[in-house]
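**Student:** The structure's right below; bear with me while I get my questions together.
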Amino acid sequence: MNALRLTSLNDDRPERTVIKVGNVKVGEDFAVIAGPCSVESEEQTVQTAHKVKAAGANMFRGGAFKPRTSPYDFQGLGLQGLKILEKAKQETGLPIVTEVTDPRDVSWVSEYADVLQIGTRNMQNYSLLKEVGKLGKPVLLKRGMNSTLKEWLNCAEYILAGGNPNVILCERGIRTFETYTRNTLDLSIVPSVKELSHLPIVVDPSHGTGRLSLIEPMSLAAMAAGADGIMVEVHYHPNEAVCDKDQAMPPHMFGDLMKKLQVLGSCMNGMN
Amino acid sequence: MSLEEIRKKIDSLDSQILLLLKIRMEQVLIAKKFKTEIEDNMREKEVFDKIRENANGLIDAGFLEKIYKEIIRESKRIQQNDFELIAFQGEHGAYGEKASREWDRDLVSFPCSTFVDVFEGVKSGLYEYGIVPVENTLGGSVAQVNQLLIDTDFHVVGAVELPVHHCLLALPGTDHREIRSVYSHPQALSQCRQFLKRNKLEPVKYSDTAGAAKMLTEKRLKRTAVIASRLCARLYNLEIIKENVEDLDKNMTRFLVLSRSEDKEDGDKCSIVFTTEHKAGALFSVLQAFAKKNINLTRIESIPNEPGNYAFFLDFEGSNKNDNVVEALKAVKMITTSFRLMGCYKERRVQ
Numbered sequence: 004m005n006a007l008r009l010t011s012l013n014d015d016r017p018e019r020t021v022i023k024v025g026n027v028k029v030g031e032d033f034a035v036i037a038g039p040c041s042v043e044s045e046e047q048t049v050q051t052a053h054k055v056k057a058a059g060a061n062m063f064r065g066g067a068f069k070p071r072t073s074p075y076d077f078q079g080l081g082l083q084g085l086k087i088l089e090k091a092k093q094e095t096g097l098p099i100v101t102e103v104t105d106p107r108d109v110s111w112v113s114e115y116a117d118v119l120q121i122g123t124r125n126m127q128n129y130s131l132l133k134e135v136g137k138l139g140k141p142v143l144l145k146r147g148m149n150s151t152l153k154e155w156l157n158c159a160e161y162i163l164a165g166g167n168p169n170v171i172l173c174e175r176g177i178r179t180f181e182t183y184t185r186n187t188l189d190l191s192i193v194p195s196v197k198e199l200s201h202l203p204i205v206v207d208p209s210h211g212t213g214r215l216s217l218i219e220p221m222s223l224a225a226m227a228a229g230a231d232g233i234m235v236e237v238h239y240h241p242n243e244a245v246c247d248k249d250q251a252m253p254p255h256m257f258g259d260l261m262k263k264l265q266v267l268g269s270c271m272n273g274m275n
Numbered sequence: 004m005s006l007e008e009i010r011k012k013i014d015s016l017d018s019q020i021l022l023l024l025k026i027r028m029e030q031v032l033i034a035k036k037f038k039t040e041i042e043d044n045m046r047e048k049e050v051f052d053k054i055r056e057n058a059n060g061l062i063d064a065g066f067l068e069k070i071y072k073e074i075i076r077e078s079k080r081i082q083q084n085d086f087e088l089i090a091f092q093g094e095h096g097a098y099g100e101k102a103s104r105e106w107d108r109d110l111v112s113f114p115c116s117t118f119v120d121v122f123e124g125v126k127s128g129l130y131e132y133g134i135v136p137v138e139n140t141l142g143g144s145v146a147q148v149n150q151l152l153i154d155t156d157f158h159v160v161g162a163v164e165l166p167v168h169h170c171l172l173a174l175p176g177t178d179h180r181e182i183r184s185v186y187s188h189p190q191a192l193s194q195c196r197q198f199l200k201r202n203k204l205e206p207v208k209y210s211d212t213a214g215a216a217k218m219l220t221e222k223r224l225k226r227t228a229v230i231a232s233r234l235c236a237r238l239y240n241l242e243i244i245k246e247n248v249e250d251l252d253k254n255m256t257r258f259l260v261l262s263r264s265e266d267k268e269d270g271d272k273c274s275i276v277f278t279t280e281h282k283a284g285a286l287f288s289v290l291q292a293f294a295k296k297n298i299n300l301t302r303i304e305s306i307p308n309e310p311g312n313y314a315f316f317l318d319f320e321g322s323n324k325n326d327n328v329v330e331a332l333k334a335v336k337m338i339t340t341s342f343r344l345m346g347c348y349k350e351r352r353v354q
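As given, the protein sequences belong to chains A and B, one line each in that order.
Heads up, the first sequence is in this note's numbering, so the first residue is 4 and it goes up one at a time.
Heads up, the second sequence is in this note's numbering, so the first residue is 4 and it goes up one at a time.
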C-alpha cells in the first residue's frame, strides 16, 4: 500500500482522524446520520428532520441530486432541494449531509452542505474527487459497490492529496451472488479499514441490506464492529417515499434503534 | 422557444408593468404637492390624446382608453388620500427602502437617485421624511451622508438598525452553474467577496444593489446574477439562487430618519452635532460632561468641516426630558463653539 501516503495508518501518521461536523466529532463520537433518501418537498424534509433529531440523530441526510438507475426515475430537486435542506438545518440545527454528482455543482453544494457525499457510483469519478479535494469541507466517500478496500482507499487518497484531509468513509454493501438482500453489507471492512487507515468509517445498513427488517440488527452489528457511525434512511411516511421506499425506516422504528444503540454504546464503553 | 420560456418572458414583462405603474402613482403623489385642485380636465385631455396617438396594430385605442380611465380614476383616489412620503436613495428594493418599511409601514417609500436628492426633497417639502444610512458594520461611516447632515437643520425623528442580508438573484430558469458575472454596488460585492471567490464568480460594479436587479430584469443578460435584497427578487421577478451570501453574518447598517419638524413623542436616544475650540482637551471636556452624568455614548464620529476643523456627531442613550441629559447638554453648550440637538427619538433594532 505504498500509494496510500496520506490515507494509511503508520508511524508517520499514528493518530486517528477526528472530523468536526457541527457539534459532532466524527471518529470520537458515534455519528448518526439520518433522513430521507431524497428531498421531495419542504414539508417531508423538515418534518423528517424534526423527527430524527427528536430520536437522537446528530446529522441530517437528504439527496437533492439523485443518480438513479433509470433516467426516467426521479432525479432530485437540485438547487431547490438544497434550499429545503438549508431550511431543515435552520429549524433543527442538524448539520446537512448531501450528495454531489457533478464537478460543476461542487462549490454550490458546499454552500449548503456541511458534509458532501460522494455516492457509490461516483467513488471512482476522479474529476469529482479532485474537485472535492480542493474544499475544506468534510467528504463522505461511499464505497463503490464493486470495489476492493484498496481501490476505495486510493479514492480517499485522491481527496487527501488534493488538500482536503476531512474524509469519512462509508460502507454501503457490495455486489455478491446473494439476491435476498439488495447488497451484501461487508462489516468485516470496518475493522479492516481501522487496521490500514486513520480515517473514520461509518456504515449504511439501509442500502447495505435494502430491507427494513435488517437495518436494526446491522446497525447494532456495525457499532459492535467498531464503526464510527451509521447512516440510515428515515422517512416520515415511508409509504409515500419517492425512492427506495422498501428500506425507508419510519421514525418510531428509528427511535427504538437509537435506544438500543445507546445501551450497546455504554456497554462497549464499559469493555474498553 | 418553448411555451415555458414565453411564459417566463411574460412574467418578467408583468413585473415591469407593475413597477412602472407603481412609479407612475408615486409621481402622481408628488404632483399633488404642486396642484391646488385634484381635478384638471386640460391635463386629462392631454394624457388621452397622447395614448390615442400611440394606439396601433394590436393595441386598440378603445382598449387603451379603458385602461387609462381606470389609471386616472385611481390616481385621483391616491391624491385624495393624505399619504406621507419617505425618501430613500436607490431604486425600489434598496436597503434604504427596507429600513423605511421597518420604521413605518404606512409611509409611502419614494426612490431618489442620490443622497442630495433625498436631502433637498425633504427640505423643499416634497417628502415628509428622508431615511439615510449613517454607518455600516463592514463599510464604516457613510461619509457623504454625514457631510450633508452637518449643514442641515433637519430633526432626527427615528433610527433603524437593519441587519443586511444579501441574496444572489438571477433571471428565473437560470442554471446556477452557468452564472459567471455578478453585478452589485461595490460595498455589497466586497461584503460577499469570499462567496464570489469560492464559486468563481466575477464581481462587476454597479451604482446600486436594487438598480442592478432592475437592470438585469430589463436587459436579460445571460450567465449573470446580481447581489441585492430579498425584496428585489419579488419586485424585479428574479429567482433567489442563494440567500445570505454575505461573508459575515453580523452585517448591520444604521439609518436615521430625518424630518423638518420635531418628533413630539418621547424618545430613548439622542443625536447631537457640535464643533469645539481648537485647544487641548476640548473634545475631552465634552465627553467628560456625559461621563459625569452617567450617560452611555453609542456613536462618535468626526467629519472634516473646514480645513483643520472637525464637526463631531455624538449619539447617546436617554431622553432629552431626563434630568441628567438636560444638565449634560447644558454643560456641553457652554464649552462648544456650535451645538445642535438633532433629535430625541426611538431606535428600532430589526432582528
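Just so it is clear, CB atoms sit at the ideal spot from N, CA and C, and this is done for glycine as well.
Which partner residues of F277(B) appear in the DSSP bridge assignment?
**Tutor:** Translated into the one-based positions of the second sequence, residue 277(B) becomes position 274. DSSP lists F315(B), F342(B) as partners of F277(B).
**Student:** Flag this pair as yes or no: are the beta carbons of I243(B) and A228(B) separated by less than 8 Å?
**Tutor:** Locating residue 243(B) in the second sequence gives position 240, counting from the first residue. Locating residue 228(B) in the second sequence gives position 225, counting from the first residue. Contact annotation: I243(B) and A228(B) have beta-carbon atoms that are not nearer than 8 Å.
**Student:** From the beta carbon of N202(B), is the nearest beta carbon of chain A less than 8 Å away?
**Tutor:** Along the second sequence, read from residue 1 onward, the residue named residue 202(B) stands at position 199. N202(B) counts as touching chain A.
**Student:** For F118(B), does the three-state DSSP call read helix, strand or coil?
**Tutor:** Working through the second sequence from its first residue, we reach residue 118(B) at position 115. Looking at F118(B) - three-state DSSP - the assignment turns out to be helix.
**Student:** Can you tell which of K324(B), V260(B), I303(B), E40(B) has its C-alpha closest to the C-alpha of D271(B)?
**Tutor:** The count along the second sequence starts at 1 and reaches residue 271(B) at position 268. Checked all of K324(B), V260(B), I303(B), E40(B); the closest Cα to D271(B) is K324(B).
**Student:** Under 8 Å by Cβ, that's how I've got I3(B) and S103(B) pegged, so tell me the actual separation to the nearest angstrom.
**Tutor:** Residue 3(B) lies beyond the range of chain B shown here (4 to 354); nothing can be said about it.
**Student:** Taking 8 Å as the CB-CB cut-off, is K245(B) touching chain A?
**Tutor:** Numbered from its first residue, the second sequence carries residue 245(B) at position 242. Cβ-Cβ to chain A under 8 Å: yes for K245(B).
**Student:** Just list the alpha helix (DSSP H) runs in the segment 157 to 233 of chain B, keeping only unbroken ones of 4 residues or longer that don't cross its boundaries, in chain order.
**Tutor:** 189 to 194, 196 to 201, 212 to 222
**Student:** Residues of chain B with a CB under 8 Å from the CB of D108(A): which are they?
**Tutor:** Mapped onto the first sequence, residue 108(A) falls at position 105. Here the neighbours are R180.
**Student:** Which one of M226(A), I162(A), V237(A), H53(A) has the shortest CA to CA distance from S191(A)?
**Tutor:** Reading the first sequence from its first residue, position 188 is the one you call residue 191(A). Minimum Cα distance to S191(A) is reached at M226(A).
**Student:** Throw me the rounded Cβ distance for the I121(A) and K145(A) pair, which I believe falls under 8 Å.
**Tutor:** Reading the first sequence from its first residue, position 118 is the one you call residue 121(A). Reading the first sequence from its first residue, position 142 is the one you call residue 145(A). Confirmed, about 6 Å.
**Student:** Go ahead and pull the three-state DSSP assignment for L119(A).
**Tutor:** Mapped onto the first sequence, residue 119(A) falls at position 116. Three-state result, L119(A): strand.
**Student:** Kindly confirm or deny that the segment 144 to 153 of chain B and the segment 195 to 212 of chain B touch, where touching means at least three C-beta pairs closer than 8 Å.
**Tutor:** Output reads no: the segment 195 to 212 of chain B does not touch the segment 144 to 153 of chain B.
**Student:** Going by the CB atoms, is the gap between A91(A) and T48(A) shorter than 8 Å?
**Tutor:** Reading the first sequence from its first residue, position 45 is the one you call residue 48(A). Reading the first sequence from its first residue, position 88 is the one you call residue 91(A). Yes, these two residues count as a Cβ contact at 8 Å.
**Student:** Counting along the chain, where does the alpha helix (DSSP H) carrying D149(B) start and finish?
**Tutor:** Within the second sequence, numbered from 1, the residue matching residue 149(B) stands at position 146. The sequence shown places Asn at residue 149(B), rather than the Asp named in the question. Per DSSP, N149(B) belongs to the alpha helix (DSSP H) from 146 to 153.
**Student:** Could you confirm whether any beta carbon from chain B is found closer than 8 Å to the beta carbon of L82(A)?
**Tutor:** As a first step, residue 82(A) must be located in the first sequence, where it is residue number 79. So, interface residue.
**Student:** Along the chain, where does the alpha helix (DSSP H) containing Q93(A) start, and where does it finish?
**Tutor:** As a position in the first sequence, residue 93(A) is number 90, starting the count at 1. Its alpha helix (DSSP H) spans residues 82 to 95.
**Student:** Kindly give me the distance between the Cβ atoms of T95(A) and A159(A), rounded to whole angstroms, as I take these residues to be in contact under 8 Å.
**Tutor:** Translated into positions along the first sequence, residue 95(A) becomes position 92. Translated into positions along the first sequence, residue 159(A) becomes position 156. Contact flag wrong, Cβ pair sits at about 29 Å.
**Student:** Three or more C-beta pairs closer than 8 Å, one from the segment 207 to 214 of chain B and one from the segment 253 to 267 of chain B: is that the case here?
**Tutor:** no
**Student:** What distance in whole Å lies between the Cβ atoms of A67(A) and L97(A), which are believed to be in contact at a cut-off of 8 Å?
**Tutor:** Counted from its first residue, the first sequence places residue 97(A) at position 94. Counted from its first residue, the first sequence places residue 67(A) at position 64. With a Cβ gap of about 16 Å, L97(A) and A67(A) do not count as contacting.
**Student:** Taking the DSSP output, what are the residues bridged to T187(A)?
**Tutor:** The sequence position of residue 187(A) within the first sequence is 184, counting from 1. Answer is I177(A).
**Student:** Taking the beta strand (DSSP E) that M62(A) belongs to, which residues open and close that run?
**Tutor:** Within the first sequence, the letter at position 59 stands for residue 62(A). Counting along the chain, the beta strand (DSSP E) containing M62(A) begins and ends at 62 to 64.
**Student:** Could you give the distance in angstroms between the alpha-carbon of E197(B) and the alpha-carbon of G139(A)?
**Tutor:** Within the second sequence, residue 197(B) is the residue found at index 194, counting from 1. Within the first sequence, residue 139(A) is the residue found at index 136, counting from 1. It is Gln, not Glu, that sits at residue 197(B) in the sequence shown. In a straight line, the C-alpha of Q197(B) is about 14 Å away from that of G139(A).
**Student:** For a test of the three-state rule: what should DSSP assign to E350(B), helix, strand or coil?
**Tutor:** Counted from its first residue, the second sequence places residue 350(B) at position 347. Strand at E350(B).
**Student:** Quick one: is the Cβ of V121(B) within less than 7 Å of any heavy atom of the ligand COA?
**Tutor:** Among the components modelled here there is no ligand, and therefore nothing to report on the ligand COA.
**Student:** Assign P136(B) to one of three DSSP states: helix, strand, or coil.
**Tutor:** Looking up residue 136(B) in the second sequence gives position 133. P136(B): strand per DSSP, three-state reduction.
**Student:** Decide if R223(B) is buried, meaning its Cβ has at least 16 other Cβ atoms within 10 Å, or exposed.
**Tutor:** Working through the second sequence from its first residue, we reach residue 223(B) at position 220. By the 16-neighbour rule on beta-carbons within 10 angstroms, R223(B) is exposed.
**Student:** Within 8 Å (strictly less), CB to CB, does E114(A) reach chain B?
**Tutor:** Along the first sequence, one-based indexing puts residue 114(A) at 111. Chain B contact via Cβ: present.
**Student:** In whole angstroms, what separates the C-alpha of P141(A) from that of G38(A)?
**Tutor:** In the first sequence, counting from the first residue as 1, residue 141(A) sits at position 138. In the first sequence, counting from the first residue as 1, residue 38(A) sits at position 35. Each residue's alpha carbon lies about 18 Å from the other.
**Student:** Buried or exposed, going by whether 16 or more other CB atoms sit within 10 Å of the CB of L192(B)?
**Tutor:** Position 189 of the second sequence holds residue 192(B). Buried is the call here.
**Student:** Take D105(A) as the anchor and find which of L132(A), V118(A), L85(A) has the nearest alpha-carbon.
**Tutor:** Start at 1 with the first residue of the first sequence, and residue 105(A) comes out as number 102. Ranking the options by Cα distance to D105(A), first place goes to L132(A).
**Student:** Consider the Cβ of W111(A): report whether some Cβ of chain B lies at a distance smaller than 8 Å.
**Tutor:** Within the first sequence, the letter at position 108 stands for residue 111(A). For W111(A), the answer is yes, since a Cβ of chain B falls inside 8 Å of its Cβ.
**Student:** Going straight from the alpha carbon of L85(A) to that of R180(B), what length do you get?
**Tutor:** Counting from 1 along the first sequence, the entry for residue 85(A) is found at position 82. Counting from 1 along the second sequence, the entry for residue 180(B) is found at position 177. Roughly 14 Å between the two C-alpha positions.
**Student:** Can you tell me where the beta strand (DSSP E) with L259(B) in it begins and where it stops?
**Tutor:** As a first step, residue 259(B) must be located in the second sequence, where it is residue number 256. Note, L259(B): beta strand (DSSP E), 255 to 262.
**Student:** Could you pull the start and end residues of the alpha helix (DSSP H) that K53(B) belongs to?
**Tutor:** As a first step, residue 53(B) must be located in the second sequence, where it is residue number 50. According to the DSSP assignment, K53(B) belongs to the alpha helix (DSSP H) that extends over 44 to 57.
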